[in-house]
Amino acid sequence: MLAVTGWPIVYAVWLSLQRFDLKFPDEQKFVGLANYATVLTNSYWWTAFGVTMLITVVSVAIELVLGMALAYVMHRTVVGRGLVRTSVLIPYGIVTVVAAFSWRYAWTPGTGYLADLYGGAAPLTERASSLAIIILAEVWKTTPFMALLLMAGLVLVPDDLVKAASVDGANGWQRFTRVMLPVMRPAILVALLFRTLDAFRIFDNIYILTRGANETSSVSILAYNNLIKGLNVGIGSTMSVLIFLTVAAIAYVFVRVLGTSAPGETSGAAPGGERR
Amino acid sequence: MRTAWRWGFVNVLVVAYALVPVLWIASLSFKTPATINDGNFIPRAWTLDNYRGIFQTDQFIRALVNSLGIAAISTAIAVLLGLLAAYAIARLSFPGKNLLVAISLMIAMFPQVSLISPLFQIERALGLFDTWWGLILPYITFSLPLAIQTLSAFFQQVPWELEKAAVMDGATQGQAFRKVIAPLAAPGVVTGAILVFIFCWNDFLFAISLTSTERSRTVPVALSFFTGESQFEDPTGSISAAAVVITVPVILFVLLFQRRIVSGLTSGAVKG
Amino acid sequence: MADIVLDKVSKVFPDGTTAVRAVDLHIVDGEFVILVGPSGCGKSTTLNMIAGLEDISSGELRIGGERMNERAPRDRDIAMVFQSYALYPNMTVRDNIAFPLKLAKFNKETINSKVLEAARSLELTDLLDRRPAGLSGGQRQRVAMGRAIVRSPKAFLMDEPLSNLDAKLRVHMRTQVARLQNRLGTTTVYVTHDQTEAMTLGDRVVVMRGGNVQQVGEPQVLYDHPANLFVAGFIGSPSMNFITADIEDARLRTALGDIPLDVRLIARLRHLDAPRRLIVGLRPEHFEDAALAAGEGIVFEAQVDVVESMGSDKYVYFTLEEPRVSSAVLDEIAVDSGADSLGGPTATLVTRFSAESTVREGEIRRVWCDPSKIHLFAPATGRNLTLPWD
């Protein structure tokens with residue numbers, strides 16, 4: 001594993017310090033931090049960065065609320081429980097590209113069943129509506145995953161605890177916020193961490209829905225475009241490194257500031273270890 | 001009774017949420033070219049032509065073979081490695097064990113795009129670019145944490161007193177593993193394999209970046225390049241049909257192994 | 001069948017902690033020996049070393065006269081019953097019981113008849129085709145026993161086999177285990193942390209603490225003549241009362257009043273170089289309601305705290321105007337039994353009165369006590385100074 005991730009990362013850092021454009025292979029040379037200067041002063045980068053952040057924050061926020069509701073339904077429902085759980089897994093399992101196509105056609109004027117909602121115009125050709133649809137696609141696909149993680153936390157709340165709270169005079173909302181949420185806190189934070197880092201990598205949905213047109217590129221799309229389309233290895237690598245650093249920073253904030261118990265950090269217990 | 005109805009309604013809502021986009025793409029795949037742009041959710045005229053069409057093109061079949069082959073090989077290797085690692089993590093204490101666990105988690109969180117540029121360079125240098133192995137290697141790397149997590153969760157549930165009991169009953173260590181532990185870990189292996197397979201099957205970023213021809217392009221990538229049988233044909237129907245084809249195995253897995261997938265996905269998330 | 005000899009057997013873990021220190025024990029053929037002690041006392045480690053599940057760091061283990069240290073568990077011909085029963089969930093009851101025979105490569109007919117025989121003796125015949133998941137706790141426990149007896153091993157090792165059962169079933173199974181062992185006459189080593197189980201089941205009981213054997217003996221001997229403060233406090237329920245006392249002019253000055261010492265005891269204390277301050281131990285049954293007591297003894301007054309009527313007799317708890325005896329050993333027993341937070345800073349006296357006593361909570365009651373049954377312990381070492389054989 002180290003060989004396939006550790007070494008390339010080092011190599012990516014090295015590449016990011018080069019002027020290295022496959023269209024001009026002879027002009028490869030060491031340029032220090034020049035690429036970073038180029039990227040960090042480039043408005044495209046910051047636009048993409050902002051878009052990625054926006055998508056991440058908005059979709060994770062929606063997913064948290066929706067996922068909590070879904071988790072509650074899956075946890076509490078008795079009739080058709082298997083059906084609900086099975087169908088909820090479909091968005092998780094489905095190939096992202098397929099789902100993205102489904103959304104794209106759904107909003108394509110003429111073809112789509114949803115297109116009329118936007119008054120006949122093409123929503124995927126305008127920035128705001130495109131971003132909304134990207135978020136919609138992202139939320140649809142990953143809410144079930146969030147819900148499953150939250151449900152795992154919900155299962156940890158002892159029934160007796162909730163009963164005790166209602167005997168003590170807490171109403172439904174109070175039971176949820178005062179009793180269940182605190183017990184679920186670790187599960188919620190882990191779910192948020194997983195999903196935030198995952199959302200930050202968004203690529204497939206945008207690629208299929210807009211290809212990053214109308215300033216809807218995420219940082220991943222931008223890096224891909226520079227590298228594979230533009231064949232500019234130096235700049236592409238620089239973006240790769242910056243994305244890596246951002247993700248690391250997000251993870252750091254979660255683990256240190258919010259005190260997410262980092263999975264597996266409990267001594268000796270492998271990930272997946274349940275509280276004994 | 002009232003609450004039963006209310007839950008029923010909520011359940012229908014949830015099922016609809018999950019299924020509508022899938023049904024929509026399925027509906028598109030059954031529409032005739034004439035009605036494909038009518039915006040109706042349910043096809044007015046049904047046809048199988050789209051399916052016939054894609055299975056007549058080399059492009060799709062080739063991609064399907066690539067997808068299946070690459071995902072199958074990656075899954076086999078990742079699960080095997082994961083099995084060894086998980087057994088080691090669950091049963092042995094060795095220096096760097098916690099480090100191994102930490103690294104495997106970091107990789108699971110890793111932004112894949114950060115690896116694209118170095119892998120692109122390395123694979124071109126090694127001649128792995130646009131080959132099956134060029135995709136299999138990163139797939140194994142990124143799915144291994146998933147496999148390790150799922151399997152070690154299962155190994156942790158194995159009551160190890162059973163191993164002792166088997167040894168006391170006269171089994172050798174090997175017999176104890178084969179006859180007692182392995183049958184108990186089998187469900188974990190199935191779960192791990194499914195999750196890894198879904199991951200490989202789903203990947204788009206590596207597949208589009210590290211391939212350039214039909215030689216090793218997988219279906220999700222092929223989909224994005226689909227143009228229909230001729231340049232002038234609208235690819236919507238073909239894409240939809242192809243999309244349905246690659247969705248079917250996933251839905252089958254989900255239907256058959258719902259419980260296992262749920263436990264596998266959440267195994268990493270619930271901890272003290 | 002065989003005897004089991006532990007000759008200065010020790011266990012030192014890789015991190016340097018000593019779990020078992022130089023245990024000497026000779027378990028004779030057919031004997032039922034109980035290892036008992038609080039958690040972490042080394043009893044399970046000792047059992048695992050006999051089983052071969054853990055290496056012996058030093059010393060020698062002999063079963064039937066043969067050195068076993070280097071032998072794998074499978075070559076020791078012993079069977080073990082686990083606390084969790086350790087039934088193989090993927091096998092039926094029949095296959096679980098047959099598993100050791102299959103591994104030993106018996107032929108089909110032999111396996112079949114042996115399994116049926118074991119099942120019959122444990123009343124498992126109707127359950128043979130079920131899986132462990134479908135069995136109750138008591139049934140699982142019996143399957144685990146069946147798996148142990150089916151191959152007629154040299155010895156049984158049992159690791160808290162009854163602790164997962166509920167109280168009533170546990171008492172029932174206790175009798176079953178005793179009956180089975182009587183019938184088979186197989187040497188048995190049984191680990192428990194429950195002193196009642198130890199007292200009722202064992203031919204002999206080994207009390208352990210912190211990796212050391214505290215005392216080995218028949219249950220009644222342990223009860224009547226505990227070697228030290230730990231055994232005295234651990235064996236018996238409710239446990240022995242402990243109060244401090246000072247020797248003055250051939251008398252013990254205690255919170256219960258002065259207790260005269262007989263000449264022989266004084267001589268022994270002098271001989272053992274006993275300190276002036278001692279810990280006095282008295283069992284609850286050595287007290288009685290003064291109104292009902294006949295015979296010689298001392299009488300004192302104390303305030304009744306709680307009365308527990310058991311039907312056959314009454315447990316009466318008194319509060320004494322004296323601080324509790326502070327002793328690391330007694331604290332350890334209290335922590336292990338979960339009673340560390342019970343009782344206030346003052347001493348409590350537990351007594352057993354006849355059922356006809358009219359004692360009421362809150363009153364000041366006159367209590368009779370038989371001073372001839374007292375134990376005297378040296379506070380520093382915990383040693384019992386009143387043992388007849390010293």
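Protein chains in written order, with UniProt numbering: chain A, 1 to 276; chain B, 1 to 272; chain C, 1 to 390. We put the CB at the ideal spot given by N, CA and C, even for glycine. As the structure is a computational prediction, the values presented were derived from the model and not from experiment.
Check: For the alpha helix (DSSP H) containing A:Trp103, list its first residue and its last residue.; Outcome: 96–107
Check: Hey, would you say B:Asp130 sits closer than 8 angstroms to B:Ser209, going by beta carbons?; Outcome: no
Check: Distance cutoff 8 angstroms, beta carbons only. Does C:Ala79 sit that close to anything in chain B?; Outcome: yes
Check: Got a sec: which bits of the segment 111–135 of chain A sit with their beta carbon under 8 angstroms from any beta carbon on chain B, in order along the chain?; Outcome: Thr111, Gly112, Tyr113, Ala115, Asp116
Check: On the three-state DSSP scale, how would you describe C:Lys105?; Outcome: coil
Check: Between C:Gly146 and B:Leu256, what straight-line distance do the alpha-carbon atoms span, to the nearest angstrom?; Outcome: 37 angstroms
Check: Candidates C:Ser327, C:Arg183, C:Lys11: which alpha carbon is nearest C:Gly59's?; Outcome: C:Lys11
Check: If the cut is a Cβ gap below 9 angstroms, which residues of chain F does B:Thr172 touch?; Outcome: As a matter of chain content, chain F is missing from the structure shown, whose protein chains are A, B and C.
Check: Contact check, A:Asn226 vs A:Glu126 under 8 angstroms by CB: the rounded distance?; Outcome: About 25 angstroms; that fails the 8 angstroms criterion.
Check: Within the 8 angstroms Cβ cut-off, does C:Arg147 reach chain B?; Outcome: yes
Check: Which residues bound the beta strand (DSSP E) around C:Pro323?; Outcome: 313–323
Check: Closer than 7 angstroms: is that where the CB of C:Leu35 sits relative to any heavy atom of the ligand NAD?; Outcome: Ligands displayed in this structure: none; no statement on the ligand NAD is therefore possible.
Check: Evaluate the contact criterion for the segment 245–263 of chain B versus the segment 157–175 of chain B: three or more CB pairs, one atom per stretch, below 8 angstroms.; Outcome: no
Check: Measure the alpha-carbon distance for B:Thr141 versus C:Glu70 and round it to whole angstroms.; Outcome: 43 angstroms
Check: Whose Cβ in chain C lies nearer than 8 angstroms to the Cβ of B:Pro159?; Outcome: Ser84, Ala86
Check: Less than 8 angstroms between CB atoms is the rule here; does B:Ala4 satisfy it with respect to chain A?; Outcome: yes
Check: Starting from A:Gly82, trace the alpha helix (DSSP H) in both directions and tell me its first and last residue.; Outcome: 81–93
Check: Identify, in the order they occur along the chain, each residue of the same chain with its Cβ nearer than 7 angstroms to the Cβ of B:Gln156, setting aside the five sequence neighbours on each side.; Outcome: Ala90
Check: Please decide whether B:Phe9 counts as near chain A, where near means a Cβ-Cβ distance under 8 angstroms.; Outcome: no
Check: Terminal residues of the continuous beta strand (DSSP E) containing C:Pro73?; Outcome: Neither: C:Pro73 is in no beta strand (DSSP E) and is coded neither H nor E.
Check: Establish whether the CB of C:Leu53 and some CB of chain B are separated by less than 8 angstroms.; Outcome: yes
Check: Helix, strand or coil: which one does DSSP assign to C:Cys369?; Outcome: strand
Check: Return the CA-CA distance between C:Ala328 and C:Tyr317, expressed in angstroms with no decimal places.; Outcome: 23 angstroms
Check: Which residues in the same chain as A:Ser129 place their Cβ atom closer than 6 angstroms to its Cβ, once the five residues preceding and following it in sequence are excluded?; Outcome: Pro123
Check: Assuming C:Asn112 and C:Ala232 make a contact with CB atoms under 8 angstroms, what is their CB distance in whole Å?; Outcome: Not really, about 52 angstroms apart at Cβ, beyond 8 angstroms.
Check: Checking contacts by CB at 8 angstroms: is A:Gly93 closer than that to chain B?; Outcome: yes
Check: So B:Pro138 and B:Phe206 are supposed to be a Cβ contact under 8 angstroms. How far apart are they, rounded?; Outcome: 5 angstroms
Check: Output yes if chain B places a C-beta closer than 8 angstroms to the C-beta of C:Phe99; else output no.; Outcome: yes
Check: Determine the closest residue to B:Ala71 out of B:Ala243, B:Ala241, B:Ala18, B:Val196, with distance taken between C-alpha atoms.; Outcome: B:Val196
Check: Strictly below 8 angstroms CB to CB, what residues from chain A border residue 312 of chain B?; Outcome: In the structure displayed, chain B extends from 1 to 272; residue 312 of chain B sits before or after that span and is not available.
Check: Quick one: which chain B residues come within Cβ less than 7 angstroms of C:Asn164?; Outcome: Near C:Asn164 there are no residues of chain B at all, since even the closest Cβ is about 12 angstroms away, more than 7 angstroms.
Check: Under the three-state reduction of DSSP, which class applies to A:Asn232: helix, strand or coil?; Outcome: strand
Check: So C:Gly52 is in the alpha helix (DSSP H); what residue range does that whole segment cover?; Outcome: Looking at the DSSP string, C:Gly52 is not in any alpha helix (DSSP H), and its letter there is neither H nor E.
Check: Determine the chain C residues that contact B:Val180 at a beta-carbon separation under 7 angstroms, and present them in chain order.; Outcome: Tyr88
Check: For A:Phe176 and chain B, any beta-carbon pair shorter than 8 angstroms?; Outcome: no
Check: Compare the C-alpha of A:Ser220 against each of A:Phe203, A:Asn232, A:Gly230, A:Val233 and name the closest.; Outcome: A:Phe203
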